[in-house]
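Student: So the sequence shown is residues 775 to 1176, counted in the working numbering. For each residue, glycine too, the CB sits at the ideal point set by N, CA and C.
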Amino acid sequence: MRENNLLEKLVETSPGMEIWWDSSPVVFDNWCHKMLSKAKESDKEILHRQFGRMINKEKPEASLFRGVTTNPPLSLEAIKDDKPYWSEVAAELIRKNPGIDKESLFWLLYKSVVKRGSDMFLPLFEKTGYREGFLSGQVDPRKLFDKEAMLKQAGELAAINPNVMVKVPGTKEGYEVIETLTAQGIATNNTLSFVLPQLMDCARSVQRGLEKARKDKRDLTRWRSVITHMEARYGDLGGLRDFAREKGIELSEGDVRLAELAIFKKAYRLLKEKGYPSKLLSCSLRVGPKVDGLMRLWHLEEKAGANIVVTCPPSFIDDVINFPGQETISFVKGRIDQEIPKDLLDKLLRIPYFERAFAEDGYTRDEYNSHPSLVKTAEQFSKATGEMVEFAGKCLTEFTRA
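1) Please state whether DSSP places Arg1109 in a helix, a strand or coil.
2) Just checking, does the region 1009-1016 make contact with the region 975-991 on the three C-beta pairs under 8 Å criterion?
3) Spatial neighbours of Asp914 within its chain, please: C-beta separation below 7 Å, excluding the five flanking residues on both sides.
4) Going straight from the alpha carbon of Phe1184 to that of Gly907, what length do you get?
5) Would Arg776 and Gln1100 qualify as a contact pair, given that the criterion is a beta-carbon distance under 8 Å?
6) Hey, Ile829 and Phe802 are a contact pair by Cβ (cut 8 Å); roughly how many whole angstroms apart?
7) Just mark Asp796 as buried or exposed, buried being the case when its beta carbon has 16 or more other beta carbons within 10 Å.
8) Pull up the distance between the alpha-carbon of Met1069 and that of Ser1026, whole angstroms please.
9) Starting from the Cα of Glu1024, find the closest Cα among Asn1143, Leu1122 and Phe1165 and give me that residue.
10) Per DSSP, Pro943 forms a beta bridge with which residues?
11) Using 8 Å as the Cβ pair cut-off and three pairs as the minimum, do the region 1089-1107 and the region 777-796 touch?
12) For Asp1120, is the classification buried or exposed, using 16 other Cβ atoms within 10 angstroms of its Cβ as the cut-off for buried?
13) Could you tell me if Lys831 is buried or exposed, where buried requires 16 or more neighbouring beta carbons within 10 angstroms of its beta carbon?
14) Mind checking which residues open and close the alpha helix (DSSP H) that includes Ser837?
15) Write down every uninterrupted run of the alpha helix (DSSP H) in the region 1069-1136 whose length is 4 residues or greater and which is fully enclosed by it, in chain order.
16) Where do the N-terminal and C-terminal ends of the beta strand (DSSP E) with Phe908 fall, by residue?
17) Take Ala865 and list the residues in its own chain whose beta-carbon comes closer than 7 Å to its own, dropping the five residues that flank it on each side.
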C-alpha cells in the first residue's frame, strides 16, 4: 500500500478541489476500526496515518475531508451504527417533550444526528473563515413537493449550527426554496439533481437569491452554494441503458460512465463561463469501467484539475484505498476540460433520455418532478426516512413500557 491514497493524489493535481465525507461523521471512527481490522498487517500503519489525515483532529485545516454530505439513508446508518447511544438520545428527547408522537420524535432525532456531526466539523469551519467545514442536512424527502414544509424545515436545520448547509431537492418547488434561502443568506446544497437543466436552473436560482440578499444587505459571511450531480443515479438508477435499447442502441458500462461525465463536464464549463457563484458537487460515484483488462476510475480520473467538490461514501473510499493496480491510475491536470469522444456523444444524442439531459433547455421545471432518476431516488430516501420514523416509534414504545 502506498503512503498517499488516490484521493490525496487527485487533490494534488486539482487546485480548489474539495473531498467531502458522504456519511455522518459520527460513524467515522467505527469505520476506521473496521477498515483496520480487515487490513493486511503490513498496511495497518499506512492506513492509520491516512485516516489521521482524512479528519485531522489536531489540525483541522489540514484535513483531507473539507466538508460532509448526509441524507436520510446515511443518517439511518449512523443510528444503526450505535443503536444504544441513539436510543438513549431518543429517551432523553421523549422525557423533554411529553406527549410527543413518532413523527415529531423522528425529526428531533434527525436534527440530533445533524447537530452531532456538524459539531465535529465546526473547528474546520472556523479555521477556514467559514468557507469549508459545512455539513449538509437534508429536508424530509417525503416533502419534496411541499414548498412551505421545506422552508420551515430548512429554517430549523440552518439554526442547528452555523456550518449546517441545507440540502434541498431539485424539484420545481425545491428551486423556489433554494432561491428563497439564498436570499436569506442560508447555505444550500441542491440534491436530487441529475440533468443539465436542473443544474443550470439551480445556478440561476442561486444567482437571483444572492442578488436579493445583497440588495437587502444580508450577512453572507457564512453563505455558500453547491450543486450536486448524482452521476450513477442518472445513468444506472434512471435506466440509461434501458432507454438506449428502446432506440436499438447497446451501451457498455464505460459508455454509461462517460454519458454521466458528459453532463457533469458541460455543467462545469457553463458555470465557469457564466461566472455563477455555485460550486459543482460530484456524487454517486462508481469504480470502473474495465478497459483492456484493467480497472479504471473514470469518475475520478475525468475530473482531474476541476475546482469542484467530490463527496465520497465510506464504501467508495474503501474501494479507492484498496484499488487494484493503483500504479495504472494517473491524474492529468486539465482532464476535466476534455470532452468525451465525439462518436460516443453522437450515439448518446440519439437517445432522448440523454439528449434532453444534455441540453440546457431539455426539461422545464414542471418536468423535473417526474424524471425517473428523481422519482426512484426520492422513493429510496423516503423509505429510509420511514425506517427512521419506525425507529423513533420503537423508542417511544420502549419508553412507555419502562
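Tutor: By the coordinates alone:
1) DSSP places Arg1109 in helix when its eight states are reduced to three.
2) Result no; under three Cβ-Cβ pairs closer than 8 Å.
3) Excluding residues up to 5 positions away in sequence, Gln927 and Thr1159 lie with their Cβ nearer than 7 Å to the Cβ of Asp914 in the same chain.
4) Summary: the structure shown does not reach residue 1184, with the chain confined to residues 775 through 1176, and so no result is reported for it.
5) Between Arg776 and Gln1100, the gap from beta carbon to beta carbon is short of 8 Å.
6) With a Cβ gap of about 6 Å, Ile829 and Phe802 count as contacting.
7) Counting other Cβ atoms within 10 Å of its Cβ, Asp796 reaches 16 or more and is therefore classed as buried.
8) For the pair Met1069 and Ser1026, the Cα-to-Cα distance works out to about 14 Å.
9) Nearest neighbour of Glu1024 by Cα position, chosen from Asn1143, Leu1122 and Phe1165, turns out to be Leu1122.
10) Beta-bridge partners of Pro943 (DSSP): Thr965.
11) Put simply, the region 1089-1107 touches the region 777-796. At least three CB pairs are less than 8 Å apart.
12) Asp1120 is exposed by the Cβ-count criterion.
13) Per the 10 Å Cβ criterion, exposed.
14) Annotation: Ser837 is outside any alpha helix (DSSP H) and is labelled neither H nor E by DSSP.
15) For the region 1069-1136, whole alpha helix (DSSP H) runs of length 4 or above, ordered along the chain, are 1072-1075, 1088-1095, 1116-1122 and 1126-1132.
16) Taken as a continuous stretch (DSSP letters only), the beta strand (DSSP E) holding Phe908 covers Phe908 to Gln912.
17) Within its own chain, the residues whose Cβ lies closer than 7 Å to the Cβ of Ala865, once the five positions on either side in sequence are excluded, are Cys1169 and Phe1173, listed in chain order.
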